[in-house]
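The block underneath contains the structure these notes are about, expressed in structure tokens.
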Amino acid sequence: VARERGTTTFHLMGTCRMGPDTDPTAVVDDQLRVKGMQGLRVVDASIMPTMLSANLNACVLMIADKASDVIRGRAPLEPIVTARD
């Protein structure tokens with residue numbers, strides 16, 4: 001019955017979580033490469049290590065934007081720092 005009628009309102013995520021080499025549950029490194037494999041990257045919500053309390057669309061778009069820079073070898077942008085009064 002559960003297989004026939006089971007549903008969720010949540011988006012799937014976290015199945016290929018990103019993390020450091022010291023994390024045994026991490027599948028992807030900080031360059032989006034699958035650990036232990038050559039030529040394979042993951043660029044979707046599955047790399048998010050924890051659940052968000054918001055829709056995943058904006059986050060996935062940011063991951064894709066970062067991935068395009070990583071794959072093309074572009075340096076990260078410098079942070080924008082503004083003075084506060």
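Throughout the sequence shown, residue numbering follows the numbering used here, covering 1 to 85 in sequence.
Positions of the beta carbon are idealized from the N, C-alpha and C atoms, including for glycine.
Note that this is a predicted model, so its numbers are computed, not measured.
From the DSSP output, in three-state form, read off Arg5 for me. Here Arg5 sits in helix by DSSP.
Closest to Leu12 by CA distance: which of Arg41, Pro49, Gly39 and Pro20 is it? Its Cα nearest to that of Leu12, the residue Pro49 stands out among Arg41, Pro49, Gly39 and Pro20.
For Val70, which three-state DSSP category applies? Helix at Val70.
How long is the line joining the alpha carbons of Met37 and Val27, rounded to whole angstroms? For Met37 and Val27, the distance between alpha carbons rounds to 10 Å.
At the 7 Å Cβ level, is Ile47 part of the contact set with chain C, yes or no? No chain C appears in this structure, which consists of one protein chain only.
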